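There are 2 protein chains.
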Amino acid sequence: MTTTPVRQTSHLLSRRDLDFMLYEWLHVVDLTTRSRFQEHSAETFSAVLDLSEQLAVRKFAPHNREGDLREPVVGSEGRVELIPAVREAIDAYIAAGLQAASFDHAYGGMRLPVTVQKASSLWFTAANASTTGYLFLASAAANLLVAHADADMVDRYARPMIEGRFFGTMCLSEPEAGSSLADITTRAKLQDDGTYRVRGTKMWISAGDHELGENIIHLVLARTGGTGSGIKGISLFAVPKYLVESDGSIGERNDVVLLGLNHKMGNRGTTNTVLGFGDGTHRPRGEAGAVGYLIGAEGNGLACMFHMMNEARIAVGSGAVSLGYTGYLKSLAYAKTRLQGRRAGEQNPSSPRVPIIEHADVRRMLLAQKSYVEGSLALILYCARLVDEQASAPDEAERDRARMLLDVLTPIAKSFPAQWCLAANDLAIQVHGGYGYTRDFDVEQHYRDNRLNQIHEGTHGVQGLDLLGRKVRVNGGRAFRMLIDSMRQTALSARGRDGEPAVLAELLERRIDRLVVTTETLSRSADREAAMANSSVYLEAMGHVVIAWLWLEQVVVAAGKVDDFYNGKRAAARYFFHYELPRTDHQFDLLCRCDRTTLDLDPEWL
Amino acid sequence: MTTTPVRQTSHLLSRRDLDFMLYEWLHVVDLTTRSRFQEHSAETFSAVLDLSEQLAVRKFAPHNREGDLREPVVGSEGRVELIPAVREAIDAYIAAGLQAASFDHAYGGMRLPVTVQKASSLWFTAANASTTGYLFLASAAANLLVAHADADMVDRYARPMIEGRFFGTMCLSEPEAGSSLADITTRAKLQDDGTYRVRGTKMWISAGDHELGENIIHLVLARTGGTGSGIKGISLFAVPKYLVESDGSIGERNDVVLLGLNHKMGNRGTTNTVLGFGDGTHRPRGEAGAVGYLIGAEGNGLACMFHMMNEARIAVGSGAVSLGYTGYLKSLAYAKTRLQGRRAGEQNPSSPRVPIIEHADVRRMLLAQKSYVEGSLALILYCARLVDEQASAPDEAERDRARMLLDVLTPIAKSFPAQWCLAANDLAIQVHGGYGYTRDFDVEQHYRDNRLNQIHEGTHGVQGLDLLGRKVRVNGGRAFRMLIDSMRQTALSARGRDGEPAVLAELLERRIDRLVVTTETLSRSADREAAMANSSVYLEAMGHVVIAWLWLEQVVVAAGKVDDFYNGKRAAARYFFHYELPRTDHQFDLLCRCDRTTLDLDPEWL
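Rendered as structure tokens:
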């Protein structure tokens with residue numbers, strides 16, 4: 001078996017489950033037959049996962065609560081002070097080669113499949129979401145630069161981020177423009193030397209200031225003025241905290257200043273900042289304005305930024321999964337050891353007490369958590385597998401299919417875990433009873449940390465608009481149809497097996513049919529406003545169908561295999577199909593009649 | 001109109017809504033025709049509500065965040081130190097006569113109807129749940145003593161609590177016995193003088209230690225040894241922190257010591273303690289053991305304690321309502337003023353931005369909150385009205401009916417607000433976006449404070465067991481049938497009106513029928529274990545039916561009246577019936593088939 005004492009006691013994730021998903025279901029070893037991943041093998045993958053768990057347990061988990069209690073402060077000379085353990089953990093991660101892992105050899109990486117890299121990353125977010133935030137923003141920023149910036153910029157900014165010397169941010173929101181990027185007012189003015197001078201204020205910038213590395217590269221959306229209003233006028237710039245000389249050495253201070261730290265409900269260890277660009281505090285090269293470097297073409301900023309945003313959205317989902325997962329394992333361990341009450345029907349008050357896992361309602365709360373977190377994990381790893389397909393599948397049709405599926409699944413990969421792994425954390429508190437409400441146990445912090453995930457990188461509502469307004473419609477609904485086909489294929493294969501898989505397949509097919517009809521109804525509706533009014537409900541209903549599909553996938557893989565692990569998979573699938581999936585029925589009813597309750601309302605009535 | 005500038009800006013509760021419920025729906029003024037309440041009038045009720053709002057705004061709300069940031073600590077000589085504002089607020093409350101308000105004249109009270117007293121109390125919990133906790137525990141303890149203790153004990157302990165000089169607690173749980181009272185081990189031994197000596201450890205004791213008054217009277221469940229095992233062997237004792245001499249003066253220190261403070265996710269301003277009774281720190285009257293005084297008969301402790309527990313359960317529900325309500329009003333105010341984005345379909349990016357309340361999904365989140373919090377408020381005030389009926393209805397049949405309805409509604413009055421007003425707080429955070437996740441806004445604290453309410457005074461699961469296992473069955477289901485009759489009566493009256501009320505009535509009747517059939521199916525099931533396995537689902541389904549009924553009640557009252565307020569009532573009812581009530585359908589399906597998913601499970605599979 002794959003469990004070891006350390007793994008059993010860490011309660012961060014289940015390695016057995018990760019192995020199941022990676023090897024038995026997603027067949028990641030098959031990737032090693034492709035040239036991009038040919039140096040890899042099941043052994044290298046397992047080594048990465050072993051290392052990740054060990055490092056997460058030893059370096060990241062121990063300061064998770066301390067980071068919550070002692071949040072970042074602005075210290076002397078305006079420098080942001082973090083607890084020392086953050087730097088130690090980050091240094092160990094970088095030294096282990098994990099920051100570069102999925103990058104090309106040219107950048108010192110090892111071309112690790114994104115699927116395995118994602119599985120690795122889950123250990124760290126489960127152990128300490130806040131500390132991990134600094135690392136993941138840097139690698140996502142580097143990914144964007146590698147994809148969109150010219151070679152000189154990649155060398156100057158991306159390479160040091162991959163090496164772990166620089167860090168990165170994404171600067172989109174502004175105080176008066178949160179979800180509405182069309183309204184950003186930060187300006188960038190072209191200079192004679194081809195650089196830009198950037199002026200404006202950015203809000204909600206995670207990891208926006210700290211002293212963890214030599215530099216911070218801000219990826220900033222700003223207007224150049226010449227390319228129109230709304231989102232069409234927006235370009236993307238790299239704005240380093242310190243200018244970088246042509247030889248790569250650190251130059252003078254750029255005019256990017258910390259205007260304030262936000263103090264949050266959770267996720268407190270990651271600085272969240274208000275940043276001023278070009279407010280005149282510093283005068284790089286003797287002139288006013290923060291020096292910025294255009295990435296891609298003028299007016300194409302949002303398209304470039306979406307490279308990072310899509311990655312970040314799936315990262316939000318995976319962060320939510322890991323917090324949900326560790327909360328589940330902790331409440332499971334508690335339920336197995338905490339003695340309280342007697343089995344239902346036991347009349348003798350002096351009979352021995354039983355572990356609370358014997359109580360039906362505690363089991364319900366555990367099965368619910370398991371169904372949410374393992375269903376979400378499947379979705380996240382499936383998406384990561386699509387990223388690998390996109391990069392390495394031998395024929396274009398397969399790469400195109402992967403791109404399409406990833407596109408339509410991204411809002412769900414962001415929102416389902418953010419909603420339901422948070423619900424899992426809520427249940428983990430409840431299983432702990434009064435103890436779960438105290439700060440002596442981890443679960444209340446997991447809840448607070450996880451609450452962020454419905455808000456950042458596009459709120460829940462924004463994901464609903466994206467899914468129903470764009471993703472299921474683009475290219476005449478091609479991506480949506482591909483997804484439907486994939487789900488039907490799974491149902492078909494489950495129908496071919498006797499017993500429960502066939503029963504679940506029928507339940508899934510019924511909802512796939514409803515999803516298709518609902519989507520067509522909304523697409524054809526003459527009343528576009530009413531059709532879009534319940535897009536969050538649509539997001540949630542489709543999320544449940546997708547997760548049911550991925551549970552059926554797991555049931556098919558587990559078919560014919562009998563041990564505790566596979567029995568657990570079947571039990572959680574059963575729970576999801578019988579307790580969760582049916583909630584979509586009234587959501588589809590509501591959607592199909594284009595309910596106008598929210599529209600036929602005067603704000604003054606509230 | 002009844003609104004004034006102070007009311008409009010407090011964002012604690014809606015006075016207009018309280019007036020609607022008290023006067024237009026529950027007709028509290030009718031109570032003044034009964035001898036018990038004959039000195040009262042609409043004017044005295046309104047004066048109490050005016051005073052309550054003012055006091056809550058001026059004395060309780062201002063230190064709500066400070067109490068969260070600076071939680072109680074154990075200071076010099078083991079004394080618990082609270083921020084000074086707590087004492088000031090409590091003194092003002094007592095000085096205003098509110099602590100005694102609903103008590104008899106004999107205790108310095110003004111016989112305020114419980115319905116009005118409950119409405120008054122909501123202002124304070126909305127403003128500061130933690131500070132209010134000290135007051136409410138004292139009055140609930142005094143209520144118990146007045147009902148069950150002899151005259152001397154009432155004089156010695158209850159009277160000073162009503163006067164605001166003493167405070168009180170309820171001591172049920174122990175470290176190894178949380179929800180399972182049958183397992184408590186605290187012992188009480190009869191002495192020659194008729195007093196008892198109490199020894200044991202109590203856990204999760206709210207307001208268990210502080211210096212707010214002269215004394216703290218702990219109401220303690222303990223075993224006397226002679227009356228059997230399980231819950232039958234439990235008796236109730238008053239155990240004062242300081243002994244009280246026969247002349248009422250404060251005597252020596254009793255052997256009740258603070259063993260520790262719990263540090264919680266929220267509700268931080270109320271001390272939550274581990275208390276040691278009779279551990280030998282003090283030796284009152286020169287002997288070992290904490291001096292305790294039996295309340296009621298030996299072995300009858302739980303029955304007495306339920307007097308306080310039932311009151312506390314409804315208080316938990318009303319606390320949850322008030323936190324949900326203030327969060328709703330704050331997110332509503334934010335949504336009306338925060339500009340972001342444009343109306344759906346607006347193509348011109350330079351058109352003016354709109355308040356976010358114009359977005360359908362924000363309206364959905366506001367209507368959901370309104371439907372939860374006003375529905376819950378209706379339930380709490382309805383229950384309070386039943387308490388008044390129980391005490392003052394002219395004929396026994398009416399008093400009996402009130403007692404029955406209150407009995408069956410108590411688990412729902414505790415659990416629906418605890419679950420759904422918490423969900424409202426979650427939505428209030430979401431409406432605020434990133435700001436809602438910061439500690440600069442109130443809503444994240446409301447969430448954390450409110451999260452307690454699903455745990456204490458009987459967890460959510462315990463309420464489900466109580467409802468399905470006991471409350472709907474006792475006396476051959478008489479209370480349940482009375483409730484069903486009341487609901488059908490409302491539906492019938494709504495059917496008599498044209499248009500929407502009749503439509504909603506039909507939707508409600510359909511679910512009443514399902515509730516009845518489900519309840520019968522479960523009662524008759526031969527597989528008792530399976531019938532009880534989903535009692536939490538039953539609790540939630542019945543909760544939604546009850547709240548739908550109370551929304552229909554409001555719609556009937558509002559029928560024919562047209563202004564913003566009544567239109568808002570109709571909109572929220574519409575939301576609840578179309579978005580919320582249908583979720584019961586699959587819950588009833590699950591219940592009727594006695595789903596065994598949670599039972600047919602080996603814990604090792606998880």
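From first to last, the protein sequence lines are chains A and B.
Just so we're aligned: the first sequence equals residues 1 to 606 in full-length UniProt numbering.
Just so we're aligned: the second sequence equals residues 1 to 606 in full-length UniProt numbering.
Beta carbons are placed, not taken as given, at the ideal position from N, Cα and C, and that holds for glycine.
It should be emphasised that the depicted structure is a prediction, and the values quoted were computed from it without experimental measurement.
B/R514 and B/F588 have their C-alpha atoms some 7 Å from each other.
B/M21 places its beta carbon 8 Å or farther from that of B/A541. Taking 8 Å as the cut-off, the Cβ atoms of A/N128 and A/A61 count as close. Taking each of B/A290, B/V29 and B/G289 in turn and checking the Cα distance to B/V114, the smallest one comes out for B/V29. Contact between the region 574-593 of chain A and the region 527-539 of chain A is present: three or more C-beta pairs spanning the two stretches fall below 8 Å. Take A/L112, set aside five residues on each side of it, and the residues of its chain with a beta-carbon closer than 6 Å to its own are A101 and S102, in chain order. Here the alpha carbon of B/T33 sits roughly 37 Å from the alpha carbon of B/L507. Contacts with chain A (Cβ-Cβ distance below 7 Å) from the region 321-355 of chain B involve L332, K336, Q340, G341, A344, G345, P349, S350 and R353, listed in chain order. Note on B/V73: under 16 other CB atoms within 10 angstroms of its CB, so exposed under the neighbour-count rule. For B/D585, the nearest beta carbon of chain A is closer than 8 Å to its own beta carbon. The Cβ atoms of B/C383 and B/L323 lie no closer than 8 Å to each other.
When DSSP assignments are scanned along the region 487-555 of chain A, the uninterrupted stretches of alpha helix (DSSP H) that are 4 or more residues long and fall wholly within it turn out to be 500-524 and 528-533. In the DSSP secondary-structure assignment, A/M170 is bridged to A/L219.
Remark: C-beta atoms of A/D442 and A/K330 approach each other more closely than 8 Å.
The criterion of a C-beta distance shorter than 8 Å is satisfied by A/N254 and A/A290. DSSP places A/T201 within a strand segment (E or B) once states are collapsed to three. Per the DSSP secondary-structure output, B/F277 pairs in a beta bridge with B/G200 and B/V256. Contact of A/K264 with chain B is assigned, a C-beta pair being separated by under 8 Å. Along the region 451-464 of chain A, the positions whose C-beta sits under 8 Å from a C-beta of chain B are R451, L452, Q454, I455, H456, T459, H460, G461 and G464, read in chain order. The C-beta of B/I547 comes no closer than 8 Å to any C-beta of chain A. Secondary structure at A/K241: coil, using DSSP grouped into helix, strand and coil.
Here the C-alpha atom of B/D183 lies approximately 8 Å from the C-alpha atom of B/I231.
With a threshold of 8 Å between beta carbons, A/T438 makes contact with chain B.
With 16 or more other CB atoms across the displayed protein chains lying within 10 angstroms of its CB, A/R385 is buried.
The beta-carbon of A/Q489 is placed no less than 8 Å from the nearest beta-carbon of chain B. With respect to the 8 Å criterion, B/T326 and B/P355 are not classified as neighbours on the basis of their beta carbons. Counting only residues of its own chain and dropping the five nearest sequence neighbours on each side, B/Y435 has a CB closer than 7 Å to the CB of F441. Taking 8 Å as the upper bound for CB-CB distance, B/G67 and B/S130 are in contact here, some 5 Å apart. Secondary structure of A/R187 (DSSP, three-state): strand.
Within the region 368-399 of chain B, the residues whose Cβ lies closer than 7 Å to some Cβ of chain A are K370, listed in chain order. If you draw a straight line from the Cα of B/D91 to the Cα of B/G292, it is about 28 Å long. With respect to chain A, the C-beta atom of B/N425 has no partner C-beta closer than 8 Å.
Within chain B, the residues L601, D602, E604, W605 and L606 have their CB atoms less than 9 Å from the CB of A/G568, given in chain order. For A/L386, the enclosing alpha helix (DSSP H) begins and ends at A360 to S392. Note on geometry: alpha-carbon atoms of B/H105 and B/H307 lie some 21 Å from one another. Around the beta carbon of B/N348, a 10 Å sphere encloses fewer than 16 other beta carbons of the protein chains shown; the residue is thus reported as exposed.
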